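Trainee: First, the structure itself, so that you have it in front of you.
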Amino acid sequence: MVMENYSYTHLSAGDLLREERSRSGSEFGQLIDTYIKEGKIVPVEITISLLKKAMEETMKADDKNFRFLIDGFPRNQDNLQGWNHVMDGKADVKFVLFFDCGNEVCIDRCLERGKSSGRTDDNRESLEKRIQTYLQSTRPIIEQYEKQGKVRTIDASQSVDEVFADVKNILEKEG
Ligand code: C5P
Ligand code: MG
29 MVMENYSYTH
39 LSAGDLLREE
49 RSRSGSEFGQ
59 LIDTYIKEGK
69 IVPVEITISL
79 LKKAMEETMK
89 ADDKNFRFLI
99 DGFPRNQDNL
109 QGWNHVMDGK
119 ADVKFVLFFD
129 CGNEVCIDRC
139 LERGKSSGRT
149 DDNRESLEKR
159 IQTYLQSTRP
169 IIEQYEKQGK
179 VRTIDASQSV
189 DEVFADVKNI
199 LEKEG
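Every number in the numbering used here is 28 more than the matching position in the sequence shown, counting from 1.
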């Protein structure tokens with residue numbers, strides 16, 4: 029919905045990892061598969077190279093496309109360090125959209141999605157692990173961005189339209 033209304037290119041770290049997992053000849057397919065099922069965060073060397081390549085290809089196709097909505101990244105300290113190292117002087121993080129939502133609602137939504145997503149991690153066992161990873165590894169990253177005044181929090185327990193209305197308000201303000 030953001031991409032339809034604003035000039036951002038959406039890049040999902042999870043989607044890029046799932047694509048790499050199924051690419052024939054990928055040396056990381058098995059590792060990514062295991063990490064995803066276990067709800068663990070893949071080593072950043074893999075994820076950042078996929079992100080960087082996608083960003084470069086997008087800008088090469090049209091140099092007006094230099095604004096990105098990077099989804100699901102950085103998820104832990106390793107992700108953050110990899111980003112800071114590789115993107116130093118190349119990319120500027122304007123702000124972080126934090127879709128805040130209780131565990132129960134998240135689990136229910138993912139189980140519902142699991143009926144048709146085909147995702148190997150939309151099941152209760154993986155979801156419990158993903159929640160643990162989130163609490164242990166991702167929350168501290170949000171807190172670090174919070175200290176820099178970069179976090180914009182959205183109540184994601186609302187309906188799709190209400191969530192998007194809040195996102196729009198933020199994007200209008202931030203430009
Ligand atoms: O964001 P999404 O729900 O698509 O992520 C699914 C899984 O992909 C995560 O639980 C994790 O195993 C992997 N992932 C990762 N590093 C990221 C984003 C996703 O390892 N930055
Ligand atoms: Mg995602």
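Where is the CB? At the ideal position from N, CA and C, for every residue including glycine. Computed from a predicted structure; not experimentally measured.
1) Along the chain, where does the alpha helix (DSSP H) that runs through PHE192 open and close?
2) What three-state label does DSSP hand ARG51 in the structure shown?
3) Closer than 8 Å to a non-hydrogen atom of the ligand MG - does that hold for the CB of SER40?
4) Does the segment 147-160 come close enough to the segment 63-76 that 3 or more CB-CB pairs lie under 8 Å?
5) In three-state DSSP terms, what is ILE182?
6) Does the Cβ of MET29 have 16 or more other Cβ atoms within 10 Å, making it buried, or fewer, making it exposed?
7) What alpha helix (DSSP H) runs, 4 residues minimum, are completely inside the segment 64-104?
Mentor: According to the data block:
1) Taken as a continuous stretch (DSSP letters only), the alpha helix (DSSP H) holding PHE192 covers 188-202.
2) The three-state secondary structure of ARG51, taken from DSSP, is coil.
3) SER40 Cβ: within cutoff of the ligand MG.
4) yes
5) strand
6) exposed
7) 72-89
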